[in-house]
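Chemist: Please find one structure pasted underneath; my questions will follow.
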């Protein structure tokens, strides 16, 4: 990971650092599918433990996201709220933890395959905060394509 450049916003530095280990097109494509699945499954596993646990994680993540980019934080609120609604529907089936566990394991296996293809370790091996940056990295790509400042 490169050193932090004090003339740039923290969010830009973190997104660039995350992107350093995500250059291979196959690995990037894998991340487009697996990062949202991992977020969904983590929220689901927490929800299986206690119904308010995923909300707590969402709120703590949003506090961090607001410090990086209020625009991204608001968008992540909408995305995670939609995930929480889907998980609430899934919880009614009685299979919340099972589905979440299978998705979690499968998505991580595929992510590690992507990093093997890339030839670089996942960025969270350097700093655990990159687990929270992954979703923003995807969102930042979309916002830049749309010409939206964040």
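In this note's numbering, the protein residues as written are 923 to 1072. The beta carbon of each residue, even a glycine, is placed where N, CA and C say it ideally should be.
#1: State whether the segment 995-1010 contacts the segment 1040-1053, with contact taken as three or more CB pairs (one from each stretch) at a distance under 8 Å.
#2: Span of the alpha helix (DSSP H) holding residue 1044?
#3: Output the distance between the C-alpha atoms of residue 945 and residue 951, rounded to the nearest integer angstrom.
#4: Hey, is residue 1044 close to the ligand FAD, as in C-beta under 8 Å from one of its heavy atoms?
#5: On a Cα-Cα basis, can you pick out the residue from 957, 929, 934 and 931 that is closest to residue 1044?
#6: Give me the Cβ distance between residue 976 and residue 965, rounded to the nearest whole Å; I'm assuming they're in contact under 8 Å.
#7: Quick one: what does DSSP say residue 1049 is sitting in, helix, strand or coil?
#8: Which residue from 941, 967, 980 and 930 puts its Cα closest to that of residue 1027?
#9: Inspect the beta-carbon positions of residue 1008 and residue 962 and report whether they are closer than 9 Å.
#10: Tell me whether the beta-carbon of residue 1052 lies closer than 9 Å to the beta-carbon of residue 974.
#11: Are the CB atoms of residue 989 and residue 948 nearer to each other than 9 Å?
#12: Does the distance from the CB of residue 1060 to the CB of residue 953 come in under 9 Å?
Modeler: To lay it out plainly:
#1: With a cut-off of 8 Å, the segment 1040-1053 and the segment 995-1010 do not count as touching, because too few Cβ pairs lie within range.
#2: Element bounds for residue 1044: n/a, residue is neither H nor E.
#3: Note on geometry: alpha-carbon atoms of residue 945 and residue 951 lie some 10 Å from one another.
#4: Here there are no bound small molecules, and the ligand FAD is not part of this structure.
#5: Taking only the C-alpha atoms, the option nearest residue 1044 is 957.
#6: Indeed they touch by this definition, with Cβ atoms about 4 Å apart.
#7: Coil at residue 1049, not helix or strand.
#8: Looking only at 941, 967, 980 and 930, the smallest Cα-Cα distance to residue 1027 is reached by 967.
#9: Residue 1008 places its beta carbon less than 9 Å from that of residue 962.
#10: Annotated as distal: residue 1052 and residue 974, with beta-carbon spacing of 9 Å or more.
#11: The Cβ atoms of residue 989 and residue 948 do not sit closer than 9 Å to each other.
#12: Yes, the pair counts as a contact, with Cβ atoms nearer than the cut-off.
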